[in-house]
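K.L.:
Chains A and B, in that order, are what the protein sequence lines are.
For the working numbering, add 76 to where a residue sits in the first sequence, where the first one is 1.
For the working numbering, add 37 to where a residue sits in the second sequence, where the first one is 1.
Take a look at the following structure, please.
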Amino acid sequence: LISSTECGSPGTWYLAQFHIPETAQFWSNALSGADPHGGLWFWEDEDEECIQAFINNRSLGLTGEMPAEDWDNACRALEARQMGSQVTLNPLSHLTPQTRLRFVAWLIIAEVGQKERLLHKRDIGSLHVLIAYWGTSIASSGKVENSKCTICRVSHLLNIWMETMLEVYLPEDLQSIPWDPGCKCFER
Amino acid sequence: MFRKVSLVSVPPLDEVHRFPRHLVALAAGLSRATRAPPERDSGALRVLFELIVPPWPLILWVVFRSVVNNRIEPLQTFLDLLCDTDQDIFAWDNADVFLLYRNLLKDGQLGIYPRDWNRYMVDIDFRTWLQIRNMTRTVPDRPRRGPDDLKIRLAAASLIFSPEICASTLQNILAPLHLSLDCHPFVTITQVANPNYMEQTTLGNLDSEEFWASTNLRNQLSVRSQNLSHTLWCTPLRMSILERVQYMHLALTVLPQVSTFSRVSK
Numbered sequence: 077l078i079s080s081t082e083c084g085s086p087g088t089w090y091l092a093q094f095h096i097p098e099t100a101q102f103w104s105n106a107l108s109g110a111d112p113h114g115g116l117w118f119w120e121d122e123d124e125e126c127i128q129a130f131i132n133n134r135s136l137g138l139t140g141e142m143p144a145e146d147w148d149n150a151c152r153a154l155e156a157r158q159m160g161s162q163v164t165l166n167p168l169s170h171l172t173p174q175t176r177l178r179f180v181a182w183l184i185i186a187e188v189g190q191k192e193r194l195l196h197k198r199d200i201g202s203l204h205v206l207i208a209y210w211g212t213s214i215a216s217s218g219k220v221e222n223s224k225c226t227i228c229r230v231s232h233l234l235n236i237w238m239e240t241m242l243e244v245y246l247p248e249d250l251q252s253i254p255w256d257p258g259c260k261c262f263e264r
Numbered sequence: 038m039f040r041k042v043s044l045v046s047v048p049p050l051d052e053v054h055r056f057p058r059h060l061v062a063l064a065a066g067l068s069r070a071t072r073a074p075p076e077r078d079s080g081a082l083r084v085l086f087e088l089i090v091p092p093w094p095l096i097l098w099v100v101f102r103s104v105v106n107n108r109i110e111p112l113q114t115f116l117d118l119l120c121d122t123d124q125d126i127f128a129w130d131n132a133d134v135f136l137l138y139r140n141l142l143k144d145g146q147l148g149i150y151p152r153d154w155n156r157y158m159v160d161i162d163f164r165t166w167l168q169i170r171n172m173t174r175t176v177p178d179r180p181r182r183g184p185d186d187l188k189i190r191l192a193a194a195s196l197i198f199s200p201e202i203c204a205s206t207l208q209n210i211l212a213p214l215h216l217s218l219d220c221h222p223f224v225t226i227t228q229v230a231n232p233n234y235m236e237q238t239t240l241g242n243l244d245s246e247e248f249w250a251s252t253n254l255r256n257q258l259s260v261r262s263q264n265l266s267h268t269l270w271c272t273p274l275r276m277s278i279l280e281r282v283q284y285m286h287l288a289l290t291v292l293p294q295v296s297t298f299s300r301v302s303k
């Protein structure tokens, strides 16, 4: 489990690089076992190919390599986790590698990135805004698909977002998220 | 007053979103997958909670649950209070959200809300939170009572939940919020609002030297301020608890204070 996560760290880093400017605290929080829900951030052995394909997909515009400092921080957090007595299993282990990658991207946008935007941009981050960020993170081809809805601008992403979320959440959970745009893309 | 909410009637489906037809079909197909729904306190659900639950009602719920531990059906009691109490206490706007988030995010944990609050947050389901959110959100921005507006509303809400609450207890409950509540004038406000508070006498012998000693004069001034606040708290005039706390705050901060007097007496 540890080794697969260590190998997968560049995948996490690529997903996070545009959304989390200060990553040191993030590695510690996500991987050290300090958070009781830290298991969410762990990759599985079978994810390697999917992560590699994601990183190699240059049409995403991913730049640079995972800095040595991030490697150190990630490894230190994993060591701290190994020293701890509690082992948190990954609640996302039932997902396919592709879906897990998409869901980790969602966690980064909606949980960690959301905090950054709240602090530095005074942006509360409505669901359609988060979905737009998420779409940018996980776009699987260079082809830019446009939203049919000019209000929310994410109607083209809703199917894939919903498909990913429903692997983890119940439909009624998702229905309770406020939808701020005036369009009907997510509403009755 | 807010529209009455009963747990029996929560959640009416028309209060939440209905997915468009193609998304409903997608949900139906995928929910057939053999998997257990996530635990209420799971990290994955925490992300959704933080998208749905606004900070101000959550803070009030945390205070409520912390001080009324043994009450039966706490959620229904809380919803009744939400509907019957001064709307100003529960109302929030975007400016409140940013202020509260800014304070909460000072701690470097994953997620927005403190871990200790999660157990209370997950006591309420998503749909009820959505309903609370819709009932209490104020657009456009609400009027404010000066820089201590949030503290005044917190003190008033806490006194409604538990008249015997003291400022230090409130401070401990809300430590992750990084607001100073166990200080002047909130210590005095919660002291004199306590049902067991007894007004103190300020009588003294004006001819004695002891009376004019600076320590005694400070004490006299302090006692008079407390008694005045207590009078405001108990006034038979038709005022809400929030208004009473507001006037007590005004009296305690505008009238000459012990520190002012100390400077003059030197």
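Glycine included, every Cβ here is placed at the ideal spot set by N, Cα and C.
Source: prediction; values computed, not measured.
State the start and end residues of the unbroken alpha helix (DSSP H) segment that holds residue 227/B.
P.N.:
Its alpha helix (DSSP H) spans residues 223-230.
K.L.:
Beta-carbon within less than 8 angstroms of residue 78/A's beta-carbon, same chain only, minus the 5 sequence neighbours each way: which residues are those?
P.N.:
Confidence at residue 78/A is low in this model, with a pLDDT of 43, below 50, so the placement of that residue is unreliable and no value is reported for it.
K.L.:
Does the distance from the CB of residue 169/A to the CB of residue 120/A come in under 7 angstroms?
P.N.:
Yes, the pair counts as a contact, with Cβ atoms nearer than the cut-off.
K.L.:
Please decide whether residue 89/B counts as near chain A, where near means a Cβ-Cβ distance under 7 angstroms.
P.N.:
So yes, residue 89/B belongs to the interface.
K.L.:
For chain A, check one thing: does any of its Cβ atoms lie closer than 7 angstroms to the Cβ of residue 71/B?
P.N.:
Legend: pLDDT at residue 71/B = 49, less than 50; position of this residue unreliable, no value from coordinates given.
K.L.:
Less than 7 angstroms between the C-beta atoms of residue 225/B and residue 289/B, yes or no?
P.N.:
Yes, Cβ-Cβ distance for residue 225/B and residue 289/B is below 7 angstroms.
K.L.:
Count the other C-beta atoms from every protein chain shown that fall within 10 angstroms of the C-beta of residue 217/A, then say buried if there are 16 or more, exposed otherwise.
P.N.:
Residue confidence is low: residue 217/A scores 45 on pLDDT, short of 50, so the model does not pin down where it sits. No coordinate-derived value is stated.
K.L.:
Identify the continuous alpha helix (DSSP H) that holds residue 260/B and give its terminal residues.
P.N.:
Looking at the DSSP string, the run of the alpha helix (DSSP H) that includes residue 260/B is 251-271.
K.L.:
Using the beta-carbon count (16 or more within 10 Å), is residue 104/A buried or exposed?
P.N.:
Residue 104/A is buried by the Cβ-count criterion.
K.L.:
Reducing DSSP to helix, strand and coil, say where residue 108/B ends up.
P.N.:
Reduced to three states, the DSSP call for residue 108/B is coil.
K.L.:
What three-state label does DSSP hand residue 174/B in the structure shown?
P.N.:
Three-state DSSP puts residue 174/B in a strand.
K.L.:
Given a limit of 8 angstroms on CB to CB distance, which residues of the stretch 134-150 of chain B reach chain A?
P.N.:
Against chain A - using a Cβ distance shorter than 8 angstroms - the residues of the stretch 134-150 of chain B are 134, 135, 138, 139, 142, 145, 146, 147, 148 and 149.
K.L.:
Starting from residue 191/A, trace the alpha helix (DSSP H) both ways and give me its first and last residue.
P.N.:
Unbroken alpha helix (DSSP H) run through residue 191/A: 190-197.
K.L.:
Taking Cβ-Cβ distances shorter than 8 angstroms, what residues in chain B pair up with residue 198/A?
P.N.:
By Cβ distance, chain B contributes 135.
K.L.:
Please determine if the stretch 204-221 of chain B and the stretch 238-254 of chain B are in contact, where contact requires at least 3 C-beta pairs separated by less than 8 angstroms.
P.N.:
No: the two stretches stay apart, fewer than three of their Cβ pairs being nearer than 8 angstroms.
K.L.:
Could you work out which residues of chain B lie near residue 93/A, taking near to mean beta carbons separated by less than 7 angstroms?
P.N.:
Those do not exist, as residue 93/A stays about 18 angstroms from chain B at its closest Cβ, beyond 7 angstroms.
K.L.:
Exposed or buried, what is residue 160/A when buried is set at 16 or more other beta-carbons lying within 10 Å of its beta-carbon?
P.N.:
The residue is exposed, with fewer than 16 neighbouring Cβ atoms inside 10 Å.
K.L.:
Given that residue 105/A touches chain B, what residues does it touch there, using C-beta distances under 8 angstroms?
P.N.:
Ordered by position in chain B, the residues that pass the 8 angstroms Cβ test against residue 105/A are 145, 146 and 147.
K.L.:
When the cut-off is 7 angstroms and only beta carbons count, does residue 145/A lie next to chain B?
P.N.:
So, not an interface residue.
K.L.:
Where are the alpha helix (DSSP H) runs, 4 residues long or more, that stay fully inside the stretch 79-148 of chain B, in chain order?
P.N.:
Segments of the alpha helix (DSSP H) lying fully in the stretch 79-148 of chain B: 80-89, 92-104, 111-121, 124-127 and 131-141.
K.L.:
Run through DSSP, which three-state label would residue 281/B get?
P.N.:
Of the three classes helix, strand and coil, the one that applies to residue 281/B here is helix, per DSSP.
K.L.:
So is residue 243/A buried or exposed if we call it buried at 16+ other beta carbons inside 10 Å?
P.N.:
Residue 243/A is buried by the Cβ-count criterion.
K.L.:
Between residue 142/B and residue 285/B, what straight-line distance do the alpha-carbon atoms span, to the nearest angstrom?
P.N.:
The alpha-carbon atoms of residue 142/B and residue 285/B are separated by roughly 31 angstroms.
K.L.:
Express the C-alpha separation of residue 105/B and residue 189/A in angstroms, rounding to a whole number.
P.N.:
When rounded, the distance between both Cα atoms is 35 angstroms.
K.L.:
Residues of chain A with CB closer than 7 angstroms to the CB of residue 79/B, please, in chain order.
P.N.:
Correct list: 113 and 167.
K.L.:
Roughly how many angstroms lie between the CA atoms of residue 71/B and residue 220/B, to the nearest whole one?
P.N.:
Because the pLDDT at residue 71/B is just 49, under 50, the model does not fix this residue reliably, and the point stays unresolved.
K.L.:
Is it true that the CB of residue 95/B sits closer than 7 angstroms to the CB of residue 172/B?
P.N.:
No, the Cβ-Cβ distance between residue 172/B and residue 95/B is not below 7 angstroms.
K.L.:
Within 7 angstroms of any Cβ in chain B, is that where the Cβ of residue 195/A sits?
P.N.:
By this cut-off, residue 195/A is an interface position.
K.L.:
Keeping to the same chain, check which residues put their C-beta closer than 7 angstroms to that of residue 126/B; ignore five residues upstream and five downstream.
P.N.:
So the qualifying residues of the chain are 190, 193, 194 and 279.
K.L.:
In its own chain, which residues sit with a C-beta less than 6 angstroms from the C-beta of residue 166/B, not counting the 5 before and 5 after it?
P.N.:
Cβ neighbours of residue 166/B beyond the five flanking positions: 89 and 90.
K.L.:
Mind checking if residue 101/A is an interface residue toward chain B, Cβ cutoff 7 angstroms exclusive?
P.N.:
With 7 angstroms as the cut-off, residue 101/A counts as an interface residue toward chain B.
K.L.:
Report yes if the C-beta distance between residue 203/A and residue 253/A is below 7 angstroms; otherwise report no.
P.N.:
For residue 203/A and residue 253/A, yes; Cβs fall inside 7 angstroms.
K.L.:
Hey, out of 228/B, 78/B, 102/B and 98/B, whose CA is closest to residue 282/B's CA?
P.N.:
Measuring from the Cα of residue 282/B, the nearest candidate turns out to be 228/B.
K.L.:
For a contact meaning CB atoms closer than 9 angstroms, what does residue 187/A contact in chain B?
P.N.:
80, 83, 84, 87, 147, 148 and 149, listed in chain order.
K.L.:
Assuming residue 99/B and residue 154/B make a contact with CB atoms under 8 angstroms, what is their CB distance in whole Å?
P.N.:
At roughly 5 angstroms, the Cβ-Cβ gap stays under 8 angstroms, so residue 99/B and residue 154/B are in contact.
K.L.:
For the alpha helix (DSSP H) that residue 105/A lies in, which residues bound it at each end?
P.N.:
Looking at the DSSP string, the run of the alpha helix (DSSP H) that includes residue 105/A is 100-107.
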